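Input: a single structure, listed below in structure tokens.
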Amino acid sequence: MPAPFEACELPNGLRIVCEPMASVQSAALGFLVRTGSRHELPEEHGISHFLEHMCFKGTAKRDSHQVNVRFDELGSIYNAFTSKDHTFYYGWVPALRTSEQLELLADILRPSIPPDGFETERQVILEEIAMSDDSFEKHVANTLHEQVFGDHPLAHEILGDDASLTAMTRVQMLAYHRQRYAADNVVLVAAGAIDPQTLFADARRLCAAWNTGLQPRDFPAPTSFTPGVSRTVLPQFQQQCIILAYPSVPEGHADEESIEAFCAIFGGANSRCYWNIVQKGICSQAGAAWIAYADCGIMALYAYGEPERCDEILAALRHEAAEIVRGGVRVDEVQRVKNHRRTHLALEAEAPRSRITQIADDIEIFGRPRSVGERLAAAEAVSQDSIADHLARFPITGESRLISVGPRDWP
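Quick note, the sequence shown lines up with residues 3 to 413 if you use our numbering.
Printed below as a string of structure tokens:
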């Protein structure tokens, strides 16, 4: 493990990676569980997110009230979230509370899943699903994944759906937890005022008895990209979203920073879309989003606007794509987004809470953490040529998947 990291692995397969930060007075710890909605069987849709909730609802040592009060007693800034690829639990505390925070996080990762809490939380998540139905952006994201990824698990909503949540049982969740939360599928990440040897000793004491024996769920990569036109009519909303989706690269690709720079130049603050489309009153929002997973990626050019202006919006979006491919990006544009990217990466690296997320992302994507210097160097290497080279190999003109979401049945 290269400096400035220290790492070890327990006999049961649990990996531990930490980055001591001499200049801070706090520490952040997080458990990266490498399971998410893309690892769920059809009858398990939503179970990863549901289980995340249940980890705060009681353990063999603490009931739900005691779990949550204990976080406050430690002065912890804490939370958890579930994605398509993983689930992450973290806490950020004063340095003197590090061992106590680790004990609490380790405890909740072995939840008792009490039957009464299971039924209560089922209703909470069903309400969360109902509330998400009111979000136009949520419908857009779900439609994009459904249309691009078809029947692949990546198309599934992280929350699950009414049918899957209603049918789900506690027995299913206990089995899923044992298989997917096995020690050899978990990484403990820490950053801040950390003494590595104390951290390793605490982890051995708290996690050595965790079961091993991850049950692999290596679903095949999504099938090849299919151009075409998709329409999702949602009469309850007042705006239309138009997306041009193109095949792109998976996360961790060598082009990653060039792609980030392209997205910022094309559709970020002070971007081409902002000045040439939004500020001209053609639509309310436009840009580009790189949606990438371990084995696939999509570049989505998008715009939100008035339904009756769909043709004009699409023409403007295609025009900006054609212009950036034809003429390339300018030196001043590249420098501007690189300056912003450097600041963003540096600020994230200075706070233990955001630093553990960076480290966890690197471990999942690259299999190892990257130093702050390595991250900054990758951003600095972006150039006009690197962006042009990527666009030449993965064009954003020509055949696409045109996706329309909103009240108008268009095109």
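Yeah, the Cβ is synthetic: ideal placement off N, Cα and C, and Gly gets one too.
As the structure is a computational prediction, the values presented were derived from the model and not from experiment.
### Query
Roughly how many whole angstroms lie between the Cα atoms of Q125 and E159?
Position 123 of the sequence shown, counted from the start, is the residue given in the question as residue 125. Position 157 of the sequence shown, counted from the start, is the residue given in the question as residue 159. For Q125 and E159, the distance between alpha carbons rounds to 17 Å.
### Query
Does the beta-carbon of P229 have 16 or more other beta-carbons within 10 angstroms, so that it is buried, or is it exposed?
Residue 229 sits at position 227 when you count from the first residue of the sequence shown. Residue environment: P229 is assigned as exposed (fewer than 16 neighbouring CB atoms within 10 Å of its CB, all protein chains considered).
### Message
Can you find the residues in the same chain that come closer than 8 Å, C-beta to C-beta, to Q174, ignoring five residues on each side of it along the sequence?
### Response
Translated into positions along the sequence shown, residue 174 becomes position 172. Around Q174: E45, E46 and I49.
### Task
Quick one: residues in its chain with C-beta nearer than 7 Å to the C-beta of E105, no 5 flanking neighbours on either side, listed in chain order?
Sequence index remark: in the sequence shown, residue 105 carries index 103 (1-based). Within the same chain, E105 has close Cβ partners L208.
#### Entry: Segments of 3+ residues assigned as beta strand (DSSP E) that fall wholly inside the region 359 to 408
Within the region 359 to 408, the complete beta strand (DSSP E) runs of at least 3 residues are 403 to 408.
### Message
Whether or not the region 230 to 240 and the region 197 to 216 are in contact is what I'm after, with contact meaning three or more pairs of Cβ atoms, one per stretch, closer than 8 Å; do they touch?
### Response
no
### Task
Put Y92 into one of helix, strand or coil per three-state DSSP.
Locating residue 92 in the sequence shown gives position 90, counting from the first residue. Residue state, collapsed to three classes: strand.
### Task
To the nearest angstrom, report how far apart S101 and F33 are at their CA atoms.
Numbered from its first residue, the sequence shown carries residue 101 at position 99. Numbered from its first residue, the sequence shown carries residue 33 at position 31. Distance between the alpha carbons of S101 and F33: 14 Å.
### Message
Per DSSP, what are the beta-bridge partners of M301 in this structure?
### Response
Counting from one through the sequence shown, the residue named residue 301 turns up at place 299. Its beta-bridge partners are Y248 and W292.
### Message
I need the boundaries of the beta strand (DSSP E) containing I196, first residue and last residue.
### Response
Taking the sequence shown and counting its residues from 1, the one referred to as residue 196 is at position 194. Careful: I196 lies outside any beta strand (DSSP E) and carries neither H nor E.
### Contact belief for G289 with C275 at Cβ below 8 Å, rounded distance in angstroms
If you number the sequence shown from 1, residue 289 lands on position 287. If you number the sequence shown from 1, residue 275 lands on position 273. At roughly 5 Å, the Cβ-Cβ gap stays under 8 Å, so G289 and C275 are in contact.
### Query
Hey, N14 and A210: beta-carbon distance below 9 Å or not?
Looking up residue 14 in the sequence shown gives position 12. Looking up residue 210 in the sequence shown gives position 208. Yes.
### Task
List the whole-angstrom C-beta distance separating A291 from V251, where the pair is believed to meet the contact cut-off of C-beta under 8 Å.
Here residue 291 corresponds to residue number 289 of the sequence shown, with the count starting at 1. Here residue 251 corresponds to residue number 249 of the sequence shown, with the count starting at 1. About 14 Å separates the two Cβ atoms, so there is no contact after all.
### Query
Is any heavy atom in the ligand GDP found nearer than 8 Å to the beta carbon of A296?
Within the structure as shown, the ligand GDP is missing, as the structure has no ligands at all.
### Query
Which partner residues of N278 appear in the DSSP bridge assignment?
What you label residue 278 is simply residue 276 of the sequence shown in a count that begins at 1. DSSP, once it has assigned bridges, lists no residue as partnering N278.
### Task
Using a threshold of 9 Å, state whether the C-beta atoms of V327 and Q386 are closer than that.
Position 325 of the sequence shown, counted from the start, is the residue given in the question as residue 327. Position 384 of the sequence shown, counted from the start, is the residue given in the question as residue 386. Cβ atoms of V327 and Q386: not closer than 9 Å.
#### Entry: I160, DSSP secondary structure in three states
Looking up residue 160 in the sequence shown gives position 158. Note: I160 maps to coil in three-state DSSP.
### Task
Please confirm whether Q455 and E308 have their CB atoms less than 9 Å apart.
Nothing about residue 455 can be reported from this structure: the residues present for the chain run from 3 to 413 only.
### Segment limits, beta strand (DSSP E) that includes C10
To locate residue 10, count along the sequence shown from 1; it is residue 8. Run containing C10: E8 to E11, per the beta strand (DSSP E) assignment.
### Query
So R17 is in the beta strand (DSSP E); what residue range does that whole segment cover?
Along the sequence shown, one-based indexing puts residue 17 at 15. Here the beta strand (DSSP E) through R17 covers R17 to P22.
### Query
Ends of the alpha helix (DSSP H) at N144?
Sequence index remark: in the sequence shown, residue 144 carries index 142 (1-based). F138 to F151 is the span of the alpha helix (DSSP H), which, as asked, contains N144.
### Task
Determine the extent of the alpha helix (DSSP H) in which R72 is found, giving its start and end residues.
Working through the sequence shown from its first residue, we reach residue 72 at position 70. Counting along the chain, the alpha helix (DSSP H) containing R72 begins and ends at S66 to E75.
### Query
What did DSSP end up calling F33 once you bin it into helix, strand or coil?
Position 31 of the sequence shown, counting from 1, holds the residue named residue 33. DSSP places F33 in strand when its eight states are reduced to three.
### Query
How should V384 be labelled, buried or exposed, when 16 other C-beta atoms within 10 angstroms of its C-beta is the threshold for buried?
By 1-based counting over the sequence shown, the position of residue 384 is 382. V384 is buried by the Cβ-count criterion.
### Query
Of the choices I365, R112, R372 and E121, whose alpha-carbon is the least far from that of V189?
For this step, residue 189 is matched to residue 187 along the sequence shown. Nearest of I365, R112, R372 and E121 to V189, Cα basis: I365.
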